[in-house]
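Take 7 as the starting number for the sequence shown in my numbering and just add one per residue. Remarks on the structure that follows.
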Amino acid sequence: PAASPPQTYTVEMSESGYSPETLTIKAGDTVTFINAGNQANWPATDTHPTHRLYPGSDKNKCGTSEQSGIFDACMGLMHDQQYSFTFTEKGNWEYHNHLRPVMKGTIIVE
Numbered sequence: 007p008a009a010s011p012p013q014t015y016t017v018e019m020s021e022s023g024y025s026p027e028t029l030t031i032k033a034g035d036t037v038t039f040i041n042a043g044n045q046a047n048w049p050a051t052d053t054h055p056t057h058r059l060y061p062g063s064d065k066n067k068c069g070t071s072e073q074s075g076i077f078d079a080c081m082g083l084m085h086d087q088q089y090s091f092t093f094t095e096k097g098n099w100e101y102h103n104h105l106r107p108v109m110k111g112t113i114i115v116e
């Protein structure tokens, strides 16, 4: 069977956390993080504060030509702002809110 076309999924961010907290997708799919809350939220791959868990990611790449290839919003997103990332690497990718690291979620890429 032909591979299904890439899908886009939404993760809603608010003061109470990420919803869904765990999301299973396929390699090539995109996740859009939307801030539904009133406080800034900065989704980024673990580990806090370096953001290096997802391959190739590093907080130091924020603001460089490599920023588009890292799982890091590189800024606090305000209400209704969003950040999208296309996952190409298979694995279990934990992430957190850089501004409030106790807020965590997982993207499982199959």
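Think of the CB as a built atom: it goes at the ideal place given N, C-alpha and C, for glycine as much as any other residue.
- Per DSSP, the beta bridge partners of Gln-88 are Ile-40.
- Thr-14 and Thr-36 have their C-alpha atoms some 5 Å from each other.
- For the pair of segments examined, the segment 46-64 was found to touch the segment 73-83: the number of CB pairs separated by less than 8 Å reaches three.
- Between the alpha carbons of Glu-100 and Val-108 lies a distance of about 12 Å.
- DSSP places Ala-8 in no beta strand (DSSP E); its state is neither H nor E.
- Under DSSP, Ala-50 forms a beta bridge with Asp-78, His-102.
- Using a Cβ distance threshold of 7 Å, Thr-38 and Thr-16 count as a contacting pair.
- Listed as beta-bridge partners of Val-115 by DSSP are Ile-31, Gly-97.
- Here Thr-28 has Thr-112 as same chain residues with Cβ atoms under 6 Å from its own Cβ, once five neighbours each way along the sequence are excluded.
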